[in-house]
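Chemist: Residue numbers (my numbering), protein chains in the order written: chain U, 20 to 141; chain S, 20 to 141.
Input: one structure, supplied below.
2 protein chains.
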Amino acid sequence: MVDHKVDIESCECNIIHQNIIDKVKETMPEEEHLYDLAELFKVFGDTTRIKILYVLFASEMCVCDIASILGMTQSAISHQLRVLKQSRLVKYRKEGKTVFYSLDDNHIKQIFDQGLSHINEK
Amino acid sequence: MVDHKVDIESCECNIIHQNIIDKVKETMPEEEHLYDLAELFKVFGDTTRIKILYVLFASEMCVCDIASILGMTQSAISHQLRVLKQSRLVKYRKEGKTVFYSLDDNHIKQIFDQGLSHINEK
DNA sequence: ATAACACATGAACGTTTATTCATATATTAT
DNA sequence: ATAATATATGAATAAACGTTCATGTGTTAT
């Protein structure tokens, strides 16, 4: 009968059992998905971008107005909108000189609400 | 009759209407909450921490085993566990020399699932 | 054509952050 | 006591990030 003890390189401790390792491997999404997930949350990890998204929850809006509501530079907002655009969280439509930004995702609000639940829990 | 046109300092454009500003102010949580929210997502915005949390979805685990599963240094994992602890996302229990970490929040999985939904949508 | 305006973008700067390395603390075994 | 082990942590380093400043692009009005 074969002994299924685990022996992992870089670590001397042998507390883990094979069934737990197997379970972890089942539960764990692909490396690429985990990377993308971290990238997404990195986008949410900035107050300015969070504020922009909350503003857009209320209404589509032009860059200049977002900047004015948040009391920030047009340039700063524009840079951040680019990040949000790249993550496909916002979309835009042009109307003459003006560019109107709006939300391009249904999950954002729910993610934020879950986040606030965590914060307000304890 | 008073004209309710909006005139905001730092910005020349006057596209916004008062009712939209009002709506934004209703929808927007307090400054402090927005800050905390960004801080929380900052914690999720790192592949190592995401992986640690996914490992803990499967089972409570000691530092050494997490390090071994993720193929990383014990020190690196320990530093990151500290961040997760500070955000009250994980808790620990000591058993002799060993410290077992486990999840301390019910929202994490749902937040991650919503995030993955966004990623896999388009 | 020229000026004015809304927005985008590249470079630079200061700050934050993740990992590494060395070392400290705490527990267990001899 | 001493050694071994599991974990924590401070300092250092390199990379990533957000804002500012200056300037570029495209549209509208004169």
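Quick reminder that beta carbons are idealized off the backbone N, C-alpha and C, glycines included.
1. Please go through the same chain and pick out, in chain order, the residues whose beta-carbon is closer than 6 Å to the beta-carbon of S:Gln129, but skip the five residues on each side of it.
2. Count the other CB atoms, across all protein chains shown, that sit within 10 Å of the CB of U:Ala95; report buried if there are 16 or more and exposed otherwise.
3. Between the alpha carbons of S:Cys83 and S:Thr117, how many angstroms are there, rounded?
4. Run through the segment 29-109 of chain U for me and flag every whole alpha helix (DSSP H) of 4 or more residues, listed as ranges in chain order.
5. Based on Cα-Cα distance, which residue from U:Asp132, U:Ser106 and U:Asn125 lies nearest to S:Ile127?
6. Give me, in chain order, the residues of the same chain whose beta-carbon lies closer than 6 Å to that of S:Asp124; leave out the 5 immediate sequence neighbours on both sides.
7. Count Cβ pairs between the segment 71-85 of chain S and the segment 37-46 of chain U that sit closer than 8 Å; are there 3 or more?
8. Taking U:Ser136 as the reference, give the member of S:Phe60, S:Gln99, S:Lys44 and S:Asn139 with the closest Cα.
9. Measure the beta-carbon distance from S:Ile69 to U:Val43 and round it to whole angstroms, keeping in mind my assumption that it falls under 8 Å.
10. For the putative contact between S:Leu56 and U:Gly134, defined by C-beta atoms under 8 Å, what is the C-beta separation to the nearest angstrom?
11. Kindly give me the distance between the Cβ atoms of S:Ile71 and S:Gln93, rounded to whole angstroms, as I take these residues to be in contact under 8 Å.
12. Assuming S:Ile138 contacts U:His52 (C-beta within less than 8 Å), just tell me the rounded distance between them.
13. Starting from U:Val74, find everything on chain S with Cβ-Cβ shorter than 9 Å and list it in chain order.
Modeler: By the coordinates alone:
1. none
2. exposed
3. 9 Å
4. 37-46, 50-63, 66-77, 82-89 and 93-105
5. U:Asp132
6. Leu108
7. yes
8. S:Phe60
9. Actually they do not touch by this definition, with Cβ atoms about 14 Å apart.
10. 5 Å
11. That pair is no contact at about 13 Å.
12. 7 Å
13. Val43, Thr46 and Met47
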